[in-house]
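S.K.: Pasting in a structure now, in structure tokens, and then I'll have a few things to ask.
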Amino acid sequence: MPETVKTYTKKDFTSDQSVRWCPGCGDYAILAQTQKVFPDLGVNKEKFVFISGIGCSSRFPYYMNTYGFHTIHGRAPAIASGVKLANPDLSVWVVTGDGDGLSIGGNHTIHLLRRNLNINVMLFNNRIYGLTKGQYSPTSEVGKITKSTPMGSLDRPFNPLTVALGSGATFVSRTIDKETKHMQSMIKRSHDHKGTSFMEIYQNCNIFNDGAFLAQTDRDQKAETVLILENGQPMLFGNEKNKGVRLDGNKPVIVDIGDKWSVDDVLVHDESDYVIASLLSNMSYQTDFPDPIGVLYAVESETYEETMVAQINEAIKKKPKGSIQEIINSGDTWVVK
Amino acid sequence: MGKKTEQVEEVVIRFAGDSGDGMQLTGGRFTETTAILGNDLSTLPDFPAEIRAPAGSLAGVSAFQIKFSSKDIHTPGDKPDVLVAMNPAALKVHQQDINPGGTIICNSNAFTPKNLKFAGYETNPLEDKTLDDYYTLYSIEMSKMVSLANEDLEISSKIIDRTKNFFALGLLFWIYDRPLESTKKWLGVKFAKKPEIVEANIRALDAGYNYGETTEIFTTRYKVDKADLPAGTYRNVVGNYALSMGLAAAAERSKLGLFYGGYPITPASDILHTLSAWKHLGIKTFQAEDEIAGITSVLGAAFTGDLGITATSGPGIALKGEAMGLAVMAELPIVIINVQRGGPSTGLPTKTEQSDLMQAMYGRNGEAPVPVLASATPGDCFFAAYEACRIAVKYMTPVVLLTDGYLANGSEPWQVPKVADLPDFDVTFADESNLADGQFLSYSRDKKTLARPWAIPGTPGLEHRIGGIETEDLTGNVSYDPDNHHYMVETRAKKVATIVNEIEPTKIFGSKSGDLLILSWGGTKGACRSATEALKAEGKKVGHLHLRWINPFPKDLGEKLIKFKNILIPEINHGQLIKLIRAEFLVDAQGLNQVRGKPITSADIQEASNKLIG
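Here the protein sequences line up with chains A and B, keeping their order.
FYI, in the numbering used here the residues of the first sequence are 239 to 575.
FYI, in the numbering used here the residues of the second sequence are 324 to 937.
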């Protein structure tokens, strides 16, 4: 018998703890959208678990009135895996950042994605280390001047979505802290996806990296710099929706819709197409291309916990669930009288 | 002339050969058969870290030692009476260990110029008479013999040559009067799909046995009577296997799900392998991407209400340290098993050591006390594992269980326990009845144990957050308050100290006061017991006290220690328990410290004891 789902409001998901992010931080918007969307997910509150590592974003669980565990740096995906495997019935959410999830915890992130546990990852990407007060992160652009890189950072940045795709993720999306409606729909899509969902959220750190995503959030610019993906729809952007992504051979190019090219020449988004997702994921950090937001990739695949439970059931079928006593008694035994 | 039979009390045999010669398997079969005959026994496998070092090289020598006896014994023996050496390298490595007057049995076909040179022999020791003054040497053409026995079989000569270990086994079975049936049955099961391999090995086994029976070379058989063990049903058990059974028994009695997360590492991997094969018990095993994910996945599972277990060796513990600190802070029940090996760094992966005691006690940042206990024998790993799980859950704390490479791979006869007879292990998860005025206090405590409630996700009304930041007493909220931090540090320490109430009063073997107390922990128990027995037989006033719990120490330990003039602490490390004992009890204990990757012998302990008490 399906259990009755209780009705909730945003308030039910708001904990009694005062939120302690810096005023103006992008994290507030993400928290607000999450609390707003969660009542609509059709899951009883006690089944939600938020797991985080270390960093500004990782304070998130304290503010959600659900089960939560604020753990250690980078390890949230592994802890979340243990939670999910102990009770596959829970709705498990990992909140992490570009340092936590891609630097110190990069290994756990990629392995969670390849295993495809039904866990939702929200990666707040502000391209900076906020909690440690402003060192560059693995997503900071080359040449970033910070306290630890006074002459500019040397290393090339990770592209989180490319990393996720390369790790075998079955769901890859991006949204932006200021795009509240869009974020709500992405949270819902993450929740609905069976398997690991990976959601990158462009998040402004107004203290140490203010305006990192100004081009993508500024009212006057964003139409030209952001490509909003919709499954089955041509990839159009621009103030007048007059620009499109066209494939020239296997290379994406930006074309103007008009005399030479029409909408029919523009690439149509297909969430199940890995090659398209891969092309899109690589558009970040390239000034000639818009940053795609939305669901880049979504495919169905068996989850780790499903196959784990299936193996256990198969083993029990073959050898009825017995007692350890039988194993203790087995082997060559002898009796001393 | 007929063959005579001589009665002996105990025998130590060492099988040694190339890594590819199947010495562990040969030793294993000899052990199983000896166990069924009712001798007491103790074994010590000793193998190289390299999977297959170059054939015939000194680095590639693998050995297996067994001591069996008609008496109660505690160690795999100091020096072998019999060495079976399958090639020159095996002889070279082990010859010096053999008791003078002992026996050496060699496969002479392997003593080729190439192998001799590889082992560093200038002349063939089987022919140059250098061994004859000290040992009885049997030089036998084992390879040739198995080749003849199997010449009509349609299998390659290479495969036939691999059966020579069964020839050696058959010969030893004849010498020590053991039956072949159980080994034949075992071969049939092991190679069920390859009947020709079964046949070839059985022929080799028979050939070895008959060689002893019919040739004139061997004139004497030896008989070792059954040991006088307490009545009951027995089996032979290897430490890591016993430990795995203990974990499964804990899950069964507590009715908790068992979640094991770990990363392969020598010598702990067999625990992962064993538990992975018991899926029909509902056991979940998770081979994580690294040591850190091993323990953190376990922590997540423990948060969610499973019995969380991870096992590793010293290098893995180094990686798990931060997560162990989180377990202390979050007060979640997990068991961390360290199957100790030689260190530091990669050290001696396949050799035994006791050098991670301080790491277990103090290897974390901050004041992070963790209960620490250690197994004493291979069979004891079962009970220690059960105890570790029970305490972890009862006190809501991570627990460290120390074993070592010797215990993990060694074996002994084991009286089969009844799971129903194990100590009670009841678990109650928190529910809505834990609410106080509608509020759930995640860091309220049980008055007796100081354990906090175990409130697992999925329980309505108890939604709460925990974490690695200092928590406020009662509410579990984040707190930077100085007094609260001081109080919580003290409380966590007090909780671990409270476990002292679970520890049985200490028992001293031998004299309860007098000249010398031998104090041990972990796998050195057997050698200390043997040494004490020998010293007592010499009329000395010596006692032996073995510690199962190192943190906390038993309540009565201090009063026991001061009853002796001298205290000797043998350890396979550079002196670790001794520092704790001196610091805690201000006694002038002396150490016997050896770090050779091998168990300390009872002879060494006797010698050190005699030096102290004259």
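Using N, Cα and C, we set each Cβ at its ideal position, and we do this for glycine too.
Keep in mind the model is a prediction, meaning the values are calculated, not measured.
Taking its Cβ as the centre, do 16 or more other Cβ atoms sit within 10 Å of A/Met389, making it buried, or is it exposed?
M.R.: That one is exposed.
S.K.: Could you tell me the distance, in whole angstroms, from the CA atom of B/Ala743 to the CA atom of B/His603?
M.R.: Spanning the two alpha carbons is a distance of roughly 20 Å.
S.K.: B/Ala413 versus chain A: which residues are under 8 Å apart at the beta carbon?
M.R.: Result: empty, since nearest Cβ-Cβ is about 28 Å, beyond 8 Å.
S.K.: For B/Leu680, which of B/Asn824, B/Val662, B/Ala646, B/Val621 has the nearest alpha-carbon?
M.R.: When only C-alpha atoms are compared, the closest one is B/Val662.
S.K.: Select from the segment 561-572 of chain B all residues with a C-beta closer than 7 Å to any C-beta belonging to chain A, and list them in chain order.
M.R.: From the segment 561-572 of chain B, only Met568, Ala571, Ala572 have a Cβ closer than 7 Å to chain A.
S.K.: Would B/Ser932 be called buried (16 or more neighbouring beta carbons within 10 Å of its own) or exposed?
M.R.: Label assigned to B/Ser932: buried.
S.K.: In the structure shown, what three-state DSSP assignment does B/Phe946 receive?
M.R.: As shown, chain B starts at 324 and ends at 937. That puts residue 946 of chain B outside it, with no answer to give.
S.K.: Please report the distance separating the alpha-carbon of B/Lys452 from that of B/Ala574.
M.R.: When rounded, the distance between both Cα atoms is 60 Å.
S.K.: Taking A/Ala461 and A/Asn477 to be in contact with their CB atoms under 8 Å, please state how far apart those CB atoms are, rounded to whole angstroms.
M.R.: With 8 Å as the limit, A/Ala461 and A/Asn477 qualify as a contact, their Cβ atoms being about 5 Å apart.
S.K.: Beta-carbon of B/Tyr803 versus every beta-carbon of chain A: anything under 9 Å?
M.R.: Not an interface residue.
S.K.: Looking at the C-beta of B/Glu786, does it have a partner C-beta in chain A at a distance below 9 Å?
M.R.: Judged by the 9 Å Cβ criterion, B/Glu786 is in contact with chain A.
S.K.: Of all Cβ atoms in chain B, is any one closer than 9 Å to the Cβ of A/Trp572?
M.R.: Closer than 9 Å to some Cβ of chain B, the Cβ of A/Trp572 qualifies, so yes.
S.K.: By the three-class DSSP mapping on this structure, what secondary structure does B/Lys921 have?
M.R.: Of the three classes helix, strand and coil, the one that applies to B/Lys921 here is coil, per DSSP.
S.K.: Secondary structure at B/His787, three-state DSSP: helix, strand or coil?
M.R.: Coil at B/His787, not helix or strand.
S.K.: Using a Cβ-Cβ cut-off of 9 Å, state whether A/Tyr246 counts as contacting chain B.
M.R.: So, not an interface residue.
S.K.: Find the nearest neighbour of B/Asp484 within the set B/Leu414, B/Gly343, B/Leu868, judged by alpha-carbon distance.
M.R.: Checking every option, the nearest Cα to that of B/Asp484 belongs to B/Gly343.
S.K.: Tell me whether the beta-carbon of B/Trp737 lies closer than 9 Å to the beta-carbon of B/Tyr557.
M.R.: Cβ atoms of B/Trp737 and B/Tyr557: closer than 9 Å.
S.K.: Whose C-beta lies closer than 8 Å to the C-beta of A/Thr387 among residues of the same chain, with five residues either side of it excluded?
M.R.: If we look at A/Thr387 and ignore the five residues flanking it on each side, its Cβ neighbours are Gln373, Tyr374.
S.K.: Quick one: grab the DSSP three-state call for B/Pro518.
M.R.: Looking at B/Pro518 - three-state DSSP - the assignment turns out to be helix.
S.K.: Please name the residue, chosen from B/Asp404, B/Asp341, B/Met346, B/Thr366, that lies closest to B/Val332 on a Cα-to-Cα basis.
M.R.: According to the sequence displayed, residue 332 of chain B carries Glu and not Val. Minimum Cα distance to B/Glu332 is reached at B/Asp404.
S.K.: Answer yes or no: do B/Thr366 and B/Phe387 have a C-beta to C-beta separation smaller than 9 Å?
M.R.: For B/Thr366 and B/Phe387, yes; Cβs fall inside 9 Å.
S.K.: So, at 6 Å on beta carbons, what are the nonlocal neighbours of B/Lys549 in its own chain, with the 5 sequence-adjacent residues on each side left out?
M.R.: These residues qualify, in order along the chain: Gly361.
S.K.: Find out if the Cβ-Cβ distance for the pair A/Asp570, A/Tyr535 is shorter than 9 Å.
M.R.: Not a contact, by the Cβ cut-off of 9 Å.
S.K.: Compile a chain-ordered list of the residues in the segment 323-341 of chain A whose CB is closer than 8 Å to at least one CB of chain B.
M.R.: Listed by position, the residues of the segment 323-341 of chain A near chain B (Cβ gap below 8 Å) are Leu323, Ala324, Asn325, Asp327, Leu328.
S.K.: Looking at chain B, which residues of the segment 559-570 of chain A have a Cβ within less than 9 Å of any of its Cβ atoms?
M.R.: Those would be Lys559, Gly560, Ser561, Ile562, Gln563, Ile565, Ile566, Asn567, Ser568, Gly569, Asp570, in chain order.
S.K.: Would B/Arg558 count as contacting chain A if we go by Cβ distances under 9 Å?
M.R.: True, the Cβ-Cβ gap to chain A drops below 9 Å.
S.K.: Taking the alpha carbon of A/Gly344 as the reference point, which residue from A/Arg313, A/Ile317, A/Asn354 has its own alpha carbon closest?
M.R.: Minimum Cα distance to A/Gly344 is reached at A/Arg313.
S.K.: Does DSSP put B/Arg485 in a helix, in a strand, or in coil?
M.R.: Of the three classes helix, strand and coil, the one that applies to B/Arg485 here is coil, per DSSP.
S.K.: Name the chain B residues whose beta carbon is nearer than 9 Å to that of A/Lys371?
M.R.: Within chain B, no residue comes near A/Lys371; the closest Cβ sits about 18 Å away, beyond 9 Å.
S.K.: Beta carbons nearer than 8 Å to chain A: which residues of the segment 491-520 of chain B have them?
M.R.: Residues Ser505.
S.K.: Tell me the rounded alpha-carbon separation between B/Lys467 and B/Gly493.
M.R.: If I take the Cα positions, the gap works out to 15 Å.
S.K.: Compare the C-alpha of A/Asp526 against each of A/Val491, A/Ala548, A/Thr400, A/Val410 and name the closest.
M.R.: Closest by alpha carbon: A/Val491.
S.K.: If the criterion is Cβ atoms closer than 9 Å, does the pair B/Gly531 and B/Trp497 meet it?
M.R.: Yes, the pair counts as a contact, with Cβ atoms nearer than the cut-off.
S.K.: Since B/Glu355 meets chain A, which of its residues come closer than 8 Å, beta carbon to beta carbon?
M.R.: The contacting residues are Asp570.
S.K.: Who are the near neighbours of B/Ser925 in its chain, counting only those whose CB is closer than 7 Å to its CB and skipping five residues on each side?
M.R.: Same-chain partners within the cutoff: Thr398, Asp401, Ala850, Ser853, Ala854, Ala857.
S.K.: B/Thr633 to B/Ala715, Cα distance in whole Å?
M.R.: Answer to the nearest angstrom: the Cα atoms are 13 Å apart.
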